[in-house]
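Counting the sequence shown from 1 gives a position; our numbering is that position plus 1332. All C-beta atoms, glycine included, are put in the ideal place defined by N, C-alpha and C. Written below as structure tokens is the structure these notes are about.
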Amino acid sequence: MKLVYSSAPADYTFREQLSVRLNLLVQRGLLTEWHEQHIPPGADRGSERHNAWQSADILLLLLSADYFASDDYQSNEMQLALKRHQLGQLLIIPLLIRPCDWKSTTIAHLQCLPRDEVPVATSANRDATLLSIAQEIQQRIVSQPASTKPLSSDQLTTRQRLLKRVRTIWIEGLLEQSLQHATWVDLHLQKQPYGLENPWRLMVQELDRGPRPLPPGTNIIQVFDEADEELLILGEPGSGKTTLLLYLTRTLLDRAEADEHRRIPVIFNLSSWTRQRLPLSEWLIEELKIRYQVPGKIGRALVEANEIFPLLDGLDEVAESAREACVQAIVSYAQREQDHISLIICCRTEEYQAISVQLPLQYAIILLPFSDEQVEAYLSSVSGQLETLRQVLREDKDLFELAHRPLMLSIFARAYHGETSVELSTPATHEGYPRALFKQYVKHMLKRRTQLQHGTEEQVHRWLSYFATQLHDQQQTIFAVEELQPTWLPEKYRSRYRWCMILTYGLAFGLLFGPVFGLTFGAIYGLIFQTLARFTFGLTFGLILGIVGGIAGGLVFGLVYKYHQVIQSAEITVWSPASAKKGLLVGVLGGLVFGLVGGFVGWVVAGPIAGVILGCIVEGIMGSVGGLVGGLSPTQLPERTSLSPNEGIWRSGRRGMIAMLFLVLVVGLAGGLMVGLFGASIGNLIYALVFGLVFGSGGGLIFGLFFDLVGGRTGLAAFLQHFVLRLFLWRLGLLPWDLIAFLDEATERLLLHKVGGSYIFVHRLLRDVLASQNNEA
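Shown next as structure tokens:
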């Protein structure tokens, strides 16, 4: 690692004293040093300094009044170095050597050493101060990753896919879209050290540190770097916590794309942690699989290797009863093994202060409300007429105070853009103003612009309220259409849904695949005997067998299919040896029963030898199919080629349909061959009845088995479940049939954001307001 000193000539003595204390790192080969006295005679000083600074890993600035008057500070190299520092390519550490006004300079946002900000030259014990500085620098150098081995092609592919996915969903899909009609106003930030755990509390005396405002112009990335890449972001509802996190994410993505050894920043919403309350590492793996389509095995490898940088949003959205346990899970994850894992957490201030478990983070920042000047600057930046709104804000003190929250100011501007009057029902309490504003906002957004295309205003409002209620009750922030579950139905209709699914399985399998089996069976049977009569017999027999057996098998499947309570899409299927063993066992046992029956029929019809052969053939087919299909494990795509809503369900349906048609063709071919080869002696009514009865009952068994294995594992069952559920919700008037078009229209009217193929309310407050209206109704 290369360390470069930047100092005024008057401070060379201090530089040499510090260099002596870092000499052990140089001897161990961990550090190389450079300063201007290393420039060879006759060399161009500017060029040498440029090359040294560009190749530096650490830049030490020895601060004094002489330094700020030097060429080092005033050159373009300093500006380039600050940009590299912001991108994470260079670590700049200011060292306060002699008293000077460094806090009014461009490096005021950087953490200075010594930490007590007492200049080295005036400290009571200069040697102890220099030693302390050297130890902190040494700690930063030693803590850097020891290996810089290039990633393999597979690792690079996985990394690039996930980086692209995070950028597409959160930056291009949410941050850039949410700012399309608004001007970003820099948020005031404030350091907030209270309530945070100091790892050295028991070793050193903790200084009395109260909240202090940061210098104007300070941005989130500067605070992040100063905090050693771990941060707690606090603020009131609507203060811009998530937006600030997205700005930070964008820079972290840039850094990760430029340096393959940096951790991959991934946003996780903590609201879903409540469902299973898993250890945080296991929950991260599940969320990577569900939200970012990262296969479980790859996600586990990324999490265990600490290659994921968790950006945890919405701690306040975790159910209150589970919030303490969630914080404890975060603490356990951050302190696992011997390494401290840095992360970022967003939470409302009030909810965080109520938590008794402390987060082991170095820094917290709290977002302050807008100033009066910022409110005016925002309103001035919005194109269109806002004079009426400005006048109302001047006259109503409560509304004007509410407008100092960034979200509320944006809602005001959008709801009353171009309006000649501002109508807002006066709530009973001051706390009720945000809810009243959101109600008015929804009303305005549904009425303005073009006419609603997917229902009346009353219907759309009712659908939105029900949609919000379900998300609120299930502690869900982001919604994908594929995640629609039977729990969205009112309790009294869920049993009807289950019985309807049993009927659906029977009808779908019997009516869709019965004709295919009949045609295949009849064609093979007719070709063997090469007569029209035999073809007609085979077609009729196969058609009846396919429909009756299919309906029977589908009904049996519907009664025993244990996953009918949960809809799980299967965009692709992967091979699982463990599942294959189970499928093989089912196939062998089912084949044994059906093989014995088939062997008996073969013995009655064509003799003992034929019976044995027929039984073995049936057993072999059933066992092979059971092992083959049983080994399939439904999962989602590792990377979707498009981001269409409900793509997973449609992909599941297509794959399931193709797999079922293929296997029914195989069964039809096998059935036609067996009947053709062993059914020549069927010459009287008794034999025909026995053969038909046995073969028909066996057909029901085999169809039920195929539907269970194939339908459940290739996504066909999920496809049927999803659309039957959609039918129920539509008939009950809870959601429209064309759900995606409705959600897209709500997005166009700035009620929802579209995040990839999923949807999220523009703010949690809007979701909660609509949910409360539905409950009141």
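Since residue i and residue j should fall inside the 8 Å C-beta cutoff, what is the C-beta to C-beta distance between them, to a whole number of angstroms?
i            : j            : result
residue 2092 : residue 1810 : 5 Å
residue 1582 : residue 1641 : That pair is no contact at about 13 Å.
residue 1353 : residue 1423 : Not quite, the Cβ-Cβ distance comes to about 18 Å (not below 8 Å), so this is no contact.
residue 1585 : residue 1569 : Not really, about 27 Å apart at Cβ, beyond 8 Å.
residue 1783 : residue 1651 : That belief does not hold up - the Cβ atoms of residue 1783 and residue 1651 are roughly 40 Å apart, past 8 Å.
residue 1709 : residue 1725 : The Cβ separation is near 14 Å, so there is no contact.
residue 2051 : residue 1984 : 5 Å
residue 1743 : residue 1770 : 7 Å
residue 2058 : residue 2069 : 7 Å
residue 1796 : residue 2083 : 7 Å
residue 1656 : residue 1688 : 7 Å
Could you tell me if residue i is buried or exposed, where buried requires 16 or more neighbouring beta carbons within 10 angstroms of its beta carbon?
i            : result
residue 1408 : exposed
residue 1502 : buried
residue 1745 : buried
residue 1573 : buried
residue 2086 : buried
residue 1539 : Residue placement at residue 1539 cannot be trusted, given a pLDDT of 29 that sits under 50; what the coordinates show is reported in the next sentence. By the 10 Å Cβ count, residue 1539 comes out exposed.
residue 1358 : exposed
residue 1661 : buried
residue 1831 : exposed
residue 1872 : exposed
residue 1571 : buried
residue 1648 : buried
residue 2095 : buried
What does the alpha-carbon distance come out to for the pair residue i and residue j?
i            : j            : result
residue 1620 : residue 1403 : 49 Å
residue 1461 : residue 1446 : 7 Å
residue 1899 : residue 2073 : 22 Å
residue 1361 : residue 1334 : 11 Å
residue 1705 : residue 1628 : 50 Å
residue 2090 : residue 2079 : 11 Å
residue 1557 : residue 1575 : 18 Å
residue 1674 : residue 1666 : 7 Å
residue 1590 : residue 1416 : 11 Å
residue 1486 : residue 1601 : 28 Å
residue 1394 : residue 1421 : 20 Å
residue 1840 : residue 2055 : 13 Å
residue 1774 : residue 1508 : 22 Å
residue 2097 : residue 1653 : 20 Å
residue 2048 : residue 1684 : 45 Å
residue 1691 : residue 1469 : 25 Å
residue 1659 : residue 1680 : 14 Å
residue 1532 : residue 2066 : Because residue 1532 sits at a pLDDT of 25, beneath the cut-off of 50, its placement in the model cannot be relied upon, and the following sentence gives the value as read from the coordinates. Approximately 55 Å between the Cα atoms of the pair.
residue 1719 : residue 1711 : 9 Å
Comparing alpha-carbon positions, which option in the options lies nearest residue i?
i            : options                : result
residue 1643 : 1655, 1706, 1835, 1577 : 1577
residue 1366 : 1356, 1374, 1347       : 1347
residue 1431 : 1396, 1815, 1674       : 1396
residue 1337 : 1362, 1381, 1545       : 1381
residue 1697 : 1768, 1564, 1711, 1602 : 1564
residue 1815 : 1790, 1865, 1604       : 1604
residue 1803 : 1663, 1435, 2100       : 2100
residue 1342 : 1983, 1375, 1401       : 1401
residue 1580 : 1657, 1499, 1623, 1608 : 1499
residue 1833 : 2053, 1375, 1686, 1632 : 2053
residue 1363 : 1371, 1373, 1388, 1379 : 1388
residue 1427 : 1606, 1450, 1981       : 1450
residue 1383 : 1425, 1412, 1731, 1835 : 1412
Where do the N-terminal and C-terminal ends of the alpha helix (DSSP H) with residue i fall, by residue?
i            : result
residue 2094 : Where residue 2094 is concerned, there is no enclosing alpha helix (DSSP H), given that its DSSP letter is neither H nor E.
residue 2054 : 2048-2063
residue 1553 : 1552-1558
residue 1792 : 1789-1805
residue 1417 : 1408-1418
residue 1658 : 1652-1666
residue 1336 : Counting along the chain, residue 1336 falls outside any alpha helix (DSSP H), though it belongs to the beta strand (DSSP E) covering 1334-1338.
residue 1722 : 1719-1727
residue 1346 : 1344-1353
Can you name the start and end residues of the beta strand (DSSP E) that residue i belongs to?
i            : result
residue 1645 : 1640-1645
residue 1567 : 1563-1567
residue 2085 : 2084-2087
residue 1425 : 1423-1428
residue 1680 : 1676-1680
residue 1383 : It is not in any beta strand (DSSP E) - residue 1383 instead sits in the alpha helix (DSSP H) that spans 1377-1386.
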